[in-house]
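So the sequence shown is numbered by the numbering used here: it starts at 1 and just counts up by one.
Even glycine gets a Cβ: it sits at the ideal position worked out from N, Cα and C.
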Amino acid sequence: MESNRKALRAYLAEAIGTFALVFAGTGAVIVNEVSGGVITHVGIALTFGLIVMAMIYAIGEVSGAHINPAVTIGFWAAGRFPFGRVIPYVVSQFLGALAASVTLSALFPAAQSLGATMPAGTAMQSLVLELILTFLLMFVIICVAIGAKEQGLMAGAAIGATVGLEALFAGPISGASMNPVRSLAPALVMGDLSFQWVYVVAPVAGALVAVLAYKGVYGHEKE
1 MESNRKALRA YLAEAIGTFA LVFAGTGAVI VNEVSGGVIT HVGIALTFGL
51 IVMAMIYAIG EVSGAHINPA VTIGFWAAGR FPFGRVIPYV VSQFLGALAA
101 SVTLSALFPA AQSLGATMPA GTAMQSLVLE LILTFLLMFV IICVAIGAKE
151 QGLMAGAAIG ATVGLEALFA GPISGASMNP VRSLAPALVM GDLSFQWVYV
201 VAPVAGALVA VLAYKGVYGH EKE
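Written out as structure tokens, the structure is:
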């Protein structure tokens, strides 16, 4: 019974954490659009990095603060997360992201986009870019985590900084999503799923490659 309560708390934490990520991150994109660029691209990147850092510190001890299906799948592939919780985590993350996008749509009905990610160039360019971005992010996450739980006071800062850094240089090209539900939720609310396969396939593939790289670098030293 206690284990069930812990699991439910973890699912709720993931839903809240992903809601916060999408609400703040894509909210910054929307506010930047409706305010004539007041937030700026740098501000959007910082918002994504800071909200990820904040959620890691807020819910990391409860759920691990994955707030990203690619991260959850990555931890499972690394043998650090039970398969039975993968689907509930992903569902919780998706529901949190969807709730955030619906809320933003109600708040900003005149916005042309809801912070949805679309390739600025070719789909293949964004596919490769998103794969590499997620690879780097997952590699950092798994290197500073033990058993899918972040370790140390600086783990959140390292992961948040990585998100912000990657959004800074790659955002204008691919959107720097690195997270399937962060892209799918606003696309669903907008009713435009064009190129969303890029933002599902690339992050999951990038996370899995990062697990292989981690095992190659560290072996079982940190297990």
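| Query | Result |
| --- | --- |
| Cβ-Cβ separation, Gln112 to Glu33 (assumed contact under 8 Å), whole Å | 7 Å |
| Beta carbon of Ile44 nearer than 8 Å to that of Ala28 | yes |
| Unbroken stretches of the alpha helix (DSSP H), 4 residues or longer, contained in the stretch 104-172 | 123-143 |
| Three or more C-beta pairs below 8 Å linking the stretch 101-111 and the stretch 156-170 | no |
| For Gln196 and Leu114, the rounded distance between their alpha carbons | 14 Å |
| Whole-number beta carbon distance between Ile173 and Gly121, since they are thought to touch under 8 Å | 6 Å |
| Three CB pairs or more closer than 8 Å across the stretch 126-142 and the stretch 3-17 | no |
| Met55, buried or exposed, once every other Cβ within 10 Å from all chains shown has been counted against 16 | buried |
| Segment contact, 8 Å Cβ cut-off, at least three pairs: the stretch 36-51 with the stretch 84-100 | no |
| Through-space distance from Thr162 to Tyr214, alpha-carbon basis | 17 Å |
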